[in-house]
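In our numbering, the protein residues as written are 37 to 487. Beta carbons: idealized from backbone N, C-alpha and C, even for Gly. Predicted model only: the values in this text are computed from it and were never measured. Structure, as structure tokens:
Written out as structure tokens, the structure reads:
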């Protein structure tokens, strides 16, 4: 299937000087400010220049939309005026080429439709059955070392889950190899220097991506005729009503992207939620009571709906620290937002990390308060795009139900067994880009929960 994207050289470079804003440093623009603290960066931009402004970050001039209406204009894209490929390709094209996030129009719809059966409810139920034994084994190991750095520990668990459920791997040597390469690929996505000689981080990421592609590509033929229930096998055998299938390299491209999306973003969400609950013991006890009210130590697919309050807490953690802090597009048609015309060729960025704390929509926006997602408040209903950690519109995250299921399964088992505590006076230092995570790994104490 041909990708059908316009070459990057075809995009015009419009003059944005008529829009209020700033350019920052020569060449680098505001990239370092954004990487240092995306939330403070977007908040300051909004407060100084309003909901539409211009700036320069991640390698080119951009228009910044810092409002819920701006999120809606970009993510819903009802005028079909914006290109996801045009937005993401300059940043991720070498690392996640032709992934679902980098496709547009009919091409995107075709690839997404072929992938959807792998995320049906009955398939997710099978994934959960495979996850639970690994969750129990990890918690058993953590119980022997109750003082741990939670981020690397949970990252290891989510990688093992993704490697088994998505790739069908069980060898720890292969899982370690895949983990190293995925880490290098993700870290390369925010490399400022992008040449092989002086851009060492970027060069490592590109080389790791090549190794992943070779590793997966060698296994495609066997999966074409295999009987496995993992995502790899399902993508190899996916077929539309016309008998059209993914080409070998398309299977690889989608797997590399989906592994990143499923593994790193879920790790981020779990880390944020654990940190929040460690600092909110009443909420932690409330969720533990909800988990203990269910009969089993592990969560079945049929029981996901019973973890309702846990769902509120997850949404609140994603509100405070969305794994993806900014989303970019490129205008392929002119469109107007807040009365400002966005010209063809302009790169456009929205910032869920800021709009999810905008006091226009959220009560006490910097506080952890899951009740805001409960039926009596429903603050997320005040504007359909004030909360957008999974994107929206045609590019709404295909794996959002998988992510919620995985977070609930881990947290259900964790809260039934342990009380979560951090050192007195501890405040987690966040690194918000490329994907939100603690700079120090999050020191955590697991105290056995008594009946």
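Selected residue, minimal CA-CA separation from residue i, among the options
i, options, result
"residue 70", "100, 86, 55 and 50", "100"
"residue 315", "107, 381, 141 and 480", "480"
"residue 164", "93, 200 and 462", "200"
"residue 434", "153, 272 and 158", "153"
"residue 294", "382, 436, 127 and 72", "436"
"residue 446", "193, 52 and 285", "193"
"residue 148", "350, 334 and 274", "274"
"residue 213", "308, 226 and 195", "195"
"residue 456", "333, 309 and 398", "309"
"residue 450", "466, 482, 420 and 459", "482"
"residue 460", "125, 238, 311 and 150", "311"
"residue 396", "94, 255, 104 and 236", "104"
"residue 431", "219, 92, 78 and 141", "141"
"residue 402", "478, 354 and 191", "354"
"residue 119", "339, 139, 458 and 197", "139"
"residue 176", "453, 240, 467 and 323", "453"
"residue 334", "261, 253 and 443", "443"
"residue 241", "223, 229 and 255", "223"
"residue 299", "84, 87, 218 and 226", "218"
"residue 197", "182, 188 and 166", "166"
"residue 458", "66, 182 and 415", "182"
"residue 419", "398, 155, 128 and 486", "398"
Buried versus exposed call for residue i [16 or more other C-beta atoms within 10 Å across all chains shown]
i, result
"residue 484", "exposed"
"residue 68", "exposed"
"residue 173", "exposed"
"residue 474", "buried"
"residue 168", "buried"
"residue 412", "exposed"
"residue 108", "buried"
"residue 56", "exposed"
"residue 52", "buried"
"residue 371", "buried"
"residue 90", "buried"
"residue 279", "exposed"
"residue 362", "buried"
"residue 206", "exposed"
"residue 180", "exposed"
"residue 417", "exposed"
"residue 465", "exposed"
"residue 63", "exposed"
"residue 208", "exposed"
"residue 358", "buried"
"residue 320", "buried"
"residue 150", "buried"
"residue 220", "buried"
"residue 81", "buried"
"residue 428", "buried"
"residue 352", "buried"
"residue 266", "buried"
"residue 440", "buried"
Cβ distance (whole Å) where residue i is taken to contact residue j below 8 Å
i, j, result
"residue 47", "residue 122", "6 Å"
"residue 131", "residue 245", "5 Å"
"residue 283", "residue 50", "No, residue 283 and residue 50 are not in contact; Cβ-Cβ is about 35 Å, not under 8 Å."
"residue 78", "residue 368", "Contact flag wrong, Cβ pair sits at about 24 Å."
"residue 268", "residue 203", "5 Å"
"residue 469", "residue 303", "About 15 Å; that fails the 8 Å criterion."
Continuous beta strand (DSSP E) stretch holding residue i: start and end
i, result
"residue 20", "This structure cannot speak to residue 20, because the chain is shown only from 37 to 487."
"residue 372", "371 to 373"
"residue 481", "479 to 484"
"residue 183", "183 to 185"
"residue 97", "96 to 101"
"residue 157", "Looking at the DSSP string, residue 157 is not in any beta strand (DSSP E); the run it does join, the alpha helix (DSSP H), is 157 to 180."
"residue 80", "Per DSSP, residue 80 belongs to no beta strand (DSSP E); it is in the alpha helix (DSSP H), 74 to 85."
"residue 154", "Residue 154 -> no beta strand (DSSP E), and no H or E assigned at all."
"residue 377", "376 to 378"
"residue 364", "363 to 367"
Extent of the continuous alpha helix (DSSP H) run through residue i
i, result
"residue 443", "436 to 453"
"residue 92", "From DSSP, residue 92 is part of no alpha helix (DSSP H) but of the beta strand (DSSP E) over 88 to 93."
"residue 283", "Premise fails: residue 283 is in no alpha helix (DSSP H) and is neither H nor E."
"residue 149", "141 to 151"
"residue 211", "208 to 224"
"residue 322", "317 to 328"
"residue 344", "344 to 356"
"residue 403", "Counting along the chain, residue 403 falls outside any alpha helix (DSSP H), and DSSP gives it neither H nor E."
"residue 107", "104 to 111"
Notebook entry, point to check: Looking at C-beta atoms only, is the number of pairs between the stretch 414 to 434 and the stretch 391 to 400 that lie closer than 8 Å three or more?
Noted result: Contact annotation: the stretch 414 to 434 touches the stretch 391 to 400, with at least three C-beta pairs closer than 8 Å.
Check: Okay, do the stretch 154 to 161 and the stretch 236 to 252 touch, 3+ Cβ pairs below 8 Å being the bar?
Finding: No, the stretch 154 to 161 does not touch the stretch 236 to 252.
Checklist line | the stretch 334 to 351 contacting the stretch 402 to 422, beta-carbon criterion three pairs below 8 Å | finding: Yes: at least three Cβ pairs fall under 8 Å.
Item checked: Stretch pair the stretch 287 to 305 + the stretch 321 to 328: three plus CB contacts closer than 8 Å -> Using a Cβ-Cβ distance cut-off of 8 Å, the stretch 287 to 305 and the stretch 321 to 328 are not in contact, since fewer than three pairs of beta carbons, one from each stretch, lie closer than that value.
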